[in-house]
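In terms of the numbering used here, the sequence shown is residues 22 to 98.
Comments concern the structure below.
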Amino acid sequence: MSAIDLLERPKTNETPAAGCPVDHSRFYGYQKTTRVVEPPDRPIEQDANGLWHVRDFELARAVLRSTDVKQAGFKAE
Numbered sequence: 022m023s024a025i026d027l028l029e030r031p032k033t034n035e036t037p038a039a040g041c042p043v044d045h046s047r048f049y050g051y052q053k054t055t056r057v058v059e060p061p062d063r064p065i066e067q068d069a070n071g072l073w074h075v076r077d078f079e080l081a082r083a084v085l086r087s088t089d090v091k092q093a094g095f096k097a098e
């Protein structure tokens with residue numbers, strides 16, 4: 022037995038591990054969502070559902086630091 026024989030991998034009848042079953046090449050360039058273009062002329066507005074949209078950083082900071090605002094979420098009520 023030569024040294025080359027010792028370094029060779031043993032031959033087995035196992036099949037190689039399977040790859041991902043999803044064909045990802047179908048999804049290249051496909052975007053599930055689109056970016057919403059926010060209107061630059063309205064830094065704050067209330068929508069039809071009563072939800073406020075604040076798009077200005079300084080304005081959002083002032084609103085959240087106000088003592089008149091109660092921020093809810095994560096069972097903070």
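Cβ atoms here follow ideal geometry from the backbone N, Cα and C, with glycine treated the same way.
Alpha carbon to alpha carbon, what distance is there between V84 and Q92? For the purposes of this step, residue 92 is taken as the residue at position 71 of the sequence shown. For the purposes of this step, residue 84 is taken as the residue at position 63 of the sequence shown. Using only the alpha carbons, I get a separation of about 10 angstroms.
Secondary structure of V84, DSSP reduced to three states: Translated into positions along the sequence shown, residue 84 becomes position 63. Reduced to three states, the DSSP call for V84 is helix.
Would you report the Cα separation of T55 and R86, rounded to the nearest angstrom? Counting from one through the sequence shown, the residue named residue 55 turns up at place 34. Counting from one through the sequence shown, the residue named residue 86 turns up at place 65. Cα-Cα distance, rounded: 32 angstroms.
Residue from H45, G94, H74 and V43 with nearest C-alpha to P60: Here the question's residue 60 lines up with position 39 in the sequence shown. Checking every option, the nearest Cα to that of P60 belongs to H74.
Beta-carbon gap between I65 and R82 smaller than 9 angstroms: Your numbering for residue 65 matches position 44 in the sequence shown. Your numbering for residue 82 matches position 61 in the sequence shown. Result no, Cβ atoms of I65 and R82 do not sit closer than 9 angstroms.
Quick one, which of V43, T88, G94 and R63 has its alpha-carbon nearest F78's? Within the sequence shown, residue 78 is the residue found at index 57, counting from 1. It is R63.
Distance, Cα to Cα, P42 vs V57? Against the sequence shown, residue 42 aligns to sequence position 21. Against the sequence shown, residue 57 aligns to sequence position 36. Rounded to the nearest angstrom, the two C-alpha atoms are 33 angstroms apart.
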